[in-house]
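Trainee:
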């Protein structure tokens, strides 16, 4: 799914035999690629077990619910809103038992593995030495020292005491402040669950509650300051200042995402009233106010887009949302202009460049690349 989303037309290799017998495949159309995605996920739905039938030893493996959620997402990305709605709605009913986690924060702790909101996740074990596994986001995930458990070294990327490769944008922080239905300024409570910051931003202000010397406030104004992710790395719960290590699983898709996707299908069908309870369910869990009306289709869509940004911030959904909404260039340049006084995102950047190695080794690809890009 990500190949067609990020690169558009790519060569489709459906089997090892096909790959061996056709060393230089041509780029397939996006229609052919999306059909392959739909076919694979449909086959998976037929063969995979229900979540309740998944053996405990297989926790983390895909289930029927995961395949359904991903197929619904694939339909949504293609603007097949009715198919997405029909596919996703069964996840809200028996035999599926997904519910929103009573506490939003519980989704991003090391005890989250069996959380009833999680539909599909990548499992991680906390790193203790180089013999345990690979360091997620550090070396690309290819290395597996000792071929053992996969480790999330997310703390080196997401946290305060890190390499700061994945940071909280000023635009995201600002998005947690908006007008309520009475046109009064409102600070969304999910801010404190999403990032560390100062009190004015709504972010979490305590950095380490269990440190030997007592509580350490988040050093927002220090040389290491600025906003930092709290999701996936709860620093206030660690026993020492620094020491990056995290066994928190990576969430690929969760029930709140499904509810918001269902809401989007109703909005796109011109029925914001049907979307409202799904959006309010997600907001109610975190203590955010509930909407009495979403207004017309355009206004409802603006609410939905903001809701996805706030609920799923830091979970690798924003880029793909902007891409499928046709807003990627507009929104990224707006953020780049505000933060760096530059608008460097071009039309061609909507798709990633075809890798040079692919062009060097496949003449049928190299001859089908526009402007040395895609």
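Residue numbers (the working numbering): 685 to 1058.
We treat Cβ as the ideally placed atom computed from N, Cα and C, and that holds for glycine.
All of these numbers come straight from a predicted model, not from anything done at the bench.
1) Which term fits residue 798, buried or exposed, when burial requires 16 or more other beta carbons within 10 angstroms of its beta carbon?
2) Does residue 948 pass the burial test, meaning 16 or more other C-beta atoms within 10 Å, or should it be called exposed?
3) Per DSSP, what kind of secondary structure is residue 870 in: helix, strand or coil?
4) In the DSSP assignment, what are the bridge partners of residue 802?
5) DSSP has residue 912 in a bridge; who is on the other side?
6) Residue 772 to residue 886, Cα distance in whole Å?
7) Any idea which residues DSSP pairs residue 890 with across the strands?
8) Is it buried or exposed for residue 1047, if we count other Cβ within 10 angstroms and need 16 for buried?
9) Among the candidates 996, 793, 966, whose CA atom is the shortest distance from the CA of residue 921?
10) How many Å lie between residue 913 and residue 714 at the Cα?
11) Would you kindly check if the distance between the Cβ of residue 696 and the Cβ of residue 712 is under 8 angstroms?
12) Check whether the stretch 883–898 touches the stretch 1023–1043, counting contact only when three or more Cβ pairs, one atom from each stretch, lie closer than 8 angstroms.
13) Would residue 703 pass as a contact of residue 728 if the rule is Cβ separation under 8 angstroms?
14) Going by DSSP, which residues form a beta bridge with residue 862?
15) Hey, out of 736, 761, 790, 789, whose CA is closest to residue 781's CA?
16) Mind checking which residues open and close the alpha helix (DSSP H) that includes residue 1028?
17) Any idea what DSSP makes of residue 691, helix, strand or coil?
18) Could you pull out every residue in the same chain whose Cβ sits closer than 7 angstroms to the Cβ of residue 790, ignoring the five residues on either side in sequence?
19) Can you tell me the Cα-Cα spacing of residue 778 and residue 749, whole angstroms?
20) Based on Cα-Cα distance, which residue from 802, 880, 739 lies nearest to residue 918?
21) Do you know offhand how far residue 940's Cα is from residue 726's?
22) Is residue 999 helix, strand or coil by DSSP?
23) Is residue 986 close to chain B, meaning its C-beta is less than 8 angstroms from at least one C-beta of that chain?
24) Tell me the residue span of the alpha helix (DSSP H) that contains residue 699.
25) Considering Cα atoms alone, identify which of 751, 957, 784, 987 is closest to residue 731.
26) For residue 708, is the classification buried or exposed, using 16 other Cβ atoms within 10 angstroms of its Cβ as the cut-off for buried?
27) If you drop the 5 nearest sequence neighbours on each side, which residues of the same chain put their C-beta closer than 6 angstroms to that of residue 1006?
28) Considering residue 739, what are the terminal residues of the alpha helix (DSSP H) in which it resides?
29) Alpha carbon to alpha carbon, how far is residue 758 from residue 768?
30) Measure the C-alpha to C-alpha separation of residue 716 and residue 1058 and round it to an integer number of angstroms.
31) Verify whether the separation of the beta carbon atoms of residue 945 and residue 756 is less than 8 angstroms.
32) State the start and end residues of the unbroken alpha helix (DSSP H) segment that holds residue 718.
33) Kindly provide the ranges of any beta strand (DSSP E) runs that are 3 or more residues long and lie completely inside the stretch 966–1027, ordered along the chain.
34) Going by other Cβ atoms of all chains shown within 10 Å of its Cβ, with 16 needed for buried, is residue 698 buried or exposed?
35) Would DSSP call residue 896 helix, strand or coil?
Mentor: In short:
1) Classification for residue 798: exposed.
2) buried
3) Residue 870 falls in the strand class under three-state DSSP.
4) 938
5) 880
6) Spanning the two alpha carbons is a distance of roughly 33 angstroms.
7) Looking at the DSSP output, residue 890 sits in a beta bridge with 901.
8) exposed
9) 793
10) 35 angstroms
11) yes
12) no
13) no
14) 870
15) 736
16) Element bounds for residue 1028: n/a, residue is neither H nor E.
17) helix
18) 796, 799
19) 11 angstroms
20) 880
21) When rounded, the distance between both Cα atoms is 22 angstroms.
22) coil
23) Note that chain B does not occur in the displayed structure, where there is just one protein chain.
24) Premise fails: residue 699 is in no alpha helix (DSSP H) and is neither H nor E.
25) 751
26) Taking every protein chain shown into account, the CB of residue 708 has fewer than 16 other CB atoms within 10 angstroms, so this residue is exposed.
27) 1012, 1015
28) That residue, residue 739, is in no alpha helix (DSSP H); it is neither H nor E in DSSP.
29) Roughly 8 angstroms separates the two Cα atoms.
30) 18 angstroms
31) Remark: C-beta atoms of residue 945 and residue 756 approach each other more closely than 8 angstroms.
32) 714–731
33) none
34) Counting the other Cβ atoms within 10 Å of the Cβ of residue 698 gives fewer than 16, which makes it exposed.
35) Of the three classes helix, strand and coil, the one that applies to residue 896 here is coil, per DSSP.
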